[in-house]
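Numbering-wise (my numbering), the sequence shown opens with residue 10 and increments by one.
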Amino acid sequence: MSESNRKVILTGDRPTGRLHVGHYVGSLRRRVELQDSGGYDEIFIMIADAQALTDNAEHPEKVRQNILEVALDYLSVGLDPAKCHILVQSQVPALFELTCYYMNLVKVSRLKRNPTVKSEMQMRNFEESIPVGFFTYPVSQAADITAFDATTVPVGEDQIPMLEQTREIVESFNKTYGETLVMPDILLPSTAACLRLPGIDGKAKMSKSLGNCIYLSEEPEEIAKKVKMMFTDPGHLKVSDPGKLEGNTVFTYLDAFCTDEHFSLFCPDYHNLDEMKEHYQRGGLGDVKVKNLLRDVLLYTLEPIRNKRQELQKDIPAIYEILKEGTRRANEVANATLGRVKDSMRINYFTDEAFLKDQSARYS
Ligand code: ATP
Ligand code: MG
10 MSESNRKVIL TGDRPTGRLH VGHYVGSLRR RVELQDSGGY DEIFIMIADA
60 QALTDNAEHP EKVRQNILEV ALDYLSVGLD PAKCHILVQS QVPALFELTC
110 YYMNLVKVSR LKRNPTVKSE MQMRNFEESI PVGFFTYPVS QAADITAFDA
160 TTVPVGEDQI PMLEQTREIV ESFNKTYGET LVMPDILLPS TAACLRLPGI
210 DGKAKMSKSL GNCIYLSEEP EEIAKKVKMM FTDPGHLKVS DPGKLEGNTV
260 FTYLDAFCTD EHFSLFCPDY HNLDEMKEHY QRGGLGDVKV KNLLRDVLLY
310 TLEPIRNKRQ ELQKDIPAIY EILKEGTRRA NEVANATLGR VKDSMRINYF
360 TDEAFLKDQS ARYS
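Pasting the structure below:
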């Protein structure tokens, strides 16, 4: 068993595009809080480029460009390289060795049951032509999590099946080869709206691959335009009509972003969101007023992030240095885990003195 009682975070994102406000409420905001809480011994934030290649094999250039975009987004929201390691997955070879050994502990039928992979396959029209790498990415995610002895994985709701798969692999590995891997726990957002923020189309989850996003680095005019386009309650035609909150994307976003302070700043007619919701349901509150509040809240929240990004963009080599240093530390830790794994599996033929003696004895 590894050193116990350490509290370690591992989480990450695929570099398939700039990060969006779904990432912010689903994971990024929480990461910064956890980082600043001082309650963790080590924090690893992974840019999962190898995972991004599993459904972008023809577009390595896209992945390559977006590594920098994601790193800039991380630093813009307040992730601090003095407090966490930001690493690039493909540059940590131990992760792929671990994946290879874990694959033997997982059945194809089990992977086929993963609901997130199922819906992602549908979204990409993969059917039978699914790349093997994509199909098995939950196993590679188990390698990412266990390589760093992560105890805590702060992610959005779509990651629940990945954490379940990882926990099964840890259990199976430890049972088969002896206590070696640390059992991780998922840490989900506490607000329902943040578990899976819908896209601006109001349908599926906001996702880089679906183009239904408001990006963290979005220009103010674009944010205003996108909020205007958002769905509310289709039955709420006149201001005096009672409005519905269910399926009303604008209110879902307000649930995710709005604080009482925002009301005193931008909409002093109400003290808080509950009062506004109540008025909307009663009738007499128009969609434009609600949308204007959301626009103001988003502009207010995203402005400092956008400004910080502009500063950071002035020194790109410094960003790559941060990634290099984070990746260096990641290799140290992942190699140590891989060493433990190989010892437990007894595939340490060249370093196990007792084994060598035994082998010699067989022929003497
Ligand atoms: P892709 O379309 O390439 O899969 P994505 O937008 O789904 O991109 P990921 O990199 O797969 O983003 O996810 C990174 C993290 O952000 C995960 O923890 C995931 O749960 C969280 N996340 C992504 N989208 C949302 C969302 N709409 N609401 C809440 N959390 C989200
Ligand atoms: Mg995703």
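The beta-carbon is built from N, C-alpha and C at its ideal position, and this holds for glycine as well.
Assigned exposure category for residue i - 16 Cβ within 10 Å defines buried
i: M10; result: For M10, the pLDDT reaches just 47, beneath the cut-off of 50, and the residue's location in the model is therefore unreliable, leaving the point undetermined.
i: A343; result: buried
i: H280; result: exposed
i: D283; result: exposed
i: D296; result: buried
i: M238; result: exposed
i: G21; result: buried
i: N357; result: exposed
i: G187; result: exposed
i: A202; result: buried
i: F364; result: exposed
i: Q150; result: buried
i: D153; result: buried
i: T200; result: exposed
i: D269; result: exposed
i: A61; result: buried
Element boundaries [beta strand (DSSP E), containing residue i]
i: F53; result: 51-56
Start and end residues, alpha helix (DSSP H) containing residue i
i: P229; result: 229-238
i: C109; result: 103-112
i: F266; result: 258-266
i: A327; result: 325-354
i: F272; result: 269-275
i: S85; result: 69-86
i: F364; result: 362-371
i: K286; result: 282-291
i: A156; result: 146-156
i: F182; result: 169-186
i: Y279; result: Premise fails: Y279 is in no alpha helix (DSSP H) and is neither H nor E.
i: S128; result: 124-132
i: V299; result: 296-321
i: S46; result: 38-46
Bridge-paired residues (DSSP) for residue i
i: K214; result: P207
i: D22; result: I56
i: D194; result: T161
i: H29; result: Y224
i: I95; result: I54
i: V17; result: E51
Closest Cα partner of residue i within the set the options
i: V148; options: C109, T161, P163; result: C109
i: T25; options: L96, G292, L365, V72; result: V72
i: F182; options: T155, P198, P170; result: T155
i: I328; options: L204, E51, Y83; result: Y83
i: V41; options: L225, I54, G335; result: I54
i: K214; options: G35, F275, A103; result: G35
i: D250; options: E227, D278, L294; result: L294
i: H32; options: S216, D58, N123, E341; result: S216
i: P163; options: A370, R349, L43, G348; result: L43
i: D45; options: E70, Q60, L303, K92; result: K92
i: R38; options: M354, K300, A265, S369; result: A265
i: V350; options: A103, Y49, G48, A59; result: A103
i: I139; options: D361, D50, G48, A66; result: A66
i: G292; options: G244, R23, C222; result: G244
Distance CB(residue i)-CB(residue j) smaller than 9 Å
i: E137; j: D64; result: no
i: D194; j: L172; result: yes
i: G256; j: G211; result: yes
i: T189; j: K16; result: no
i: C276; j: D242; result: no
i: R119; j: Q174; result: yes
i: V97; j: I76; result: yes
i: G220; j: P198; result: no
i: R318; j: S99; result: no
i: L332; j: I56; result: yes
i: Q290; j: L263; result: no
i: Y402; j: H68; result: Here the chain covers residues 10 to 373 and nothing more, so residue 402 does not appear.
i: F143; j: V126; result: yes
i: R315; j: S226; result: yes
i: V248; j: K300; result: no
i: P170; j: P229; result: no
i: H94; j: E334; result: yes
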